[in-house]
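Numbering (the numbering used here), first residue to last: 2 to 426.
Shown next, in structure tokens, is the structure this report addresses.
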């Protein structure tokens with residue numbers, strides 16, 4: 002049994018898991034968190050076999066604390082509101098990454114990074130190209146108004162955007178730049194074909210961020226050219242794709258209705274504003290831990306009677322806020338907002354600090370762009386609330402943090418990884 006957890010086999014297991022997670026995520030109907038579940042079971046066995054060589058650093062305890070904070074923040078409302086498993090599910094999926102993190106931290110050495118990079122590159126290329134093929138089939142062959150792949154269109158939008166910029170972030174220092182560029186464009190086009198504005202509007206923001214992070218190597222001429230190309234792509238898309246044109250016209254009409262105070266006419270944007278208002282009231286009703294889902298629905302009904310909200314809100318299950326920040330505040334309160342800072346803000350700051358120390362650290366740069374992307378996705382949807390999204394987000398954070406830390410330690414820039422011993426299994 003011990004041979005199953007030998008270093009070489011453990012490395013191969015993690016490399017293939019990384020590839021499969023990226024390939025399956027948006028290109029197939031198979032849920033990628035099934036791969037993470039298998040990897041979790043393997044990591045428990047790996048840690049058991051290698052427990053005598055696992056030394057814990059203060060940084061490890063910090064990561065473990067951040068990974069479990071979401072789950073812990075939901076315990077009060079879970080106990081108060083009939084112990085519904087729905088409250089704990091996202092946090093439990095995040096906490097489940099603890100054994101995988103410890104395995105990777107114990108397993109990875111600088112010599113392993115090139116192989117992991119190749120598996121990641123293959124994963125994002127196949128995932129992005131496969132997702133685009135599905136999106137084109139749905140919109141061009143089946144005649145669907147918008148692409149939704151094997152997910153809801155809004156989830157496909159955010160995940161394809163995230164995958165596109167994982168591919169784009171890996172271009173620097175890669176020997177497969179052309180394939181990664183094609184993957185990035187495929188992911189971006191898939192995002193556009195979903196017609197989800199929350200994802201499409203993030204594309205130029207992340208592109209500008211990525212270009213600025215690479216300004217020291219690509220030069221300002223390339224940055225200007227890329228921005229011009231982006232503008233031309235937007236104009237061509239509007240001129241040639243009727244669905245894109247309709248979506249932009251619809252957005253313009255919504256903005257006009259909101260400016261005129263006609264919230265009901267602005268169904269999508271106006272609806273979100275009402276849900277955010279309802280979430281704010283739920284937070285203020287019990288700031289420390291927020292309200293349970295049934296309590297939020299009852300409060301929304303009361304707000305409708307008082308004329309604060311329209312009856313449209315009553316049709317939204319659990320009063321779901323369609324915004325990660327408001328959703329966490331409404332059900333979870335200050336404790337949940339603290340957890341949100343732990344799994345969203347802290348990783349972003351960490352990746353930024355590593356990037357500042359080593360501007361050639363691919364993993365820190367990719368992690369920073371990845372985290373900023375989810376910070377924006379969360380404005381129009383609870384993007385780290387669904388179990389699959391939570392698992393993917395956390396798994397990629399764990400991978401990027403460990404690989405970035407290994408590379409930084411290898412270059413002698415600190416963080417206590419340079420002398421890490423490798424298990425022999």
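Glycine residues also receive a C-beta, built at the ideal position from the N, C-alpha and C atoms.
These numbers were taken from a predicted model, which means no experiment stands behind them.
DSSP, reduced to helix, strand and coil, places residue 395 within a helical segment of the structure shown.
When the alpha-carbon of residue 376 is set against those of 362, 347, 226, 81, the nearest one is in 347. As computed with DSSP, residue 405 is found in no beta bridge at all. A Cβ-Cβ separation of about 4 Å places residue 320 in contact with residue 297 under the 8 Å criterion. Short of 7 Å from the beta carbon of residue 360, and not among the five residues preceding or following it, lie these beta carbons of its own chain, in chain order: 217. Residue state for residue 291 is assigned as strand, using DSSP reduced to three classes. In the structure shown, residue 311 falls within a coil segment according to DSSP collapsed to helix, strand and coil. For residue 97, the closest of 405, 399, 301 by C-alpha to C-alpha distance is 399.
With respect to the C-alpha of residue 81, the residue from 293, 317, 371 having the closest C-alpha is 293.
In the three-state reduction of the DSSP assignment, residue 140 falls in the helix class. Residue 332 carries a strand assignment under DSSP once its states are collapsed to helix, strand and coil. Between residue 168 and residue 188, the C-beta gap is smaller than 9 Å, which places the two residues in contact.
A straight line joining the alpha-carbon of residue 370 with that of residue 306 spans about 43 Å.
From the listed residues 272, 37, 281, 10, the smallest Cα separation to residue 18 is found for 37. For the pair of segments examined, the region 69-79 was found not to touch the region 40-47: the number of CB pairs separated by less than 8 Å stays below three. Annotated three-state conformation of residue 145 is coil, per DSSP. A straight line joining the alpha-carbon of residue 116 with that of residue 9 spans about 12 Å. A contact is defined here as three or more CB-CB pairs under 8 Å, and the region 83-93 fails this definition with respect to the region 17-33. Between the region 335-349 and the region 117-132 there are fewer than three inter-stretch CB-CB distances shorter than 8 Å, so the stretches are not counted as touching. By alpha-carbon distance to residue 276, the top candidate from 312, 247, 289 is 312.
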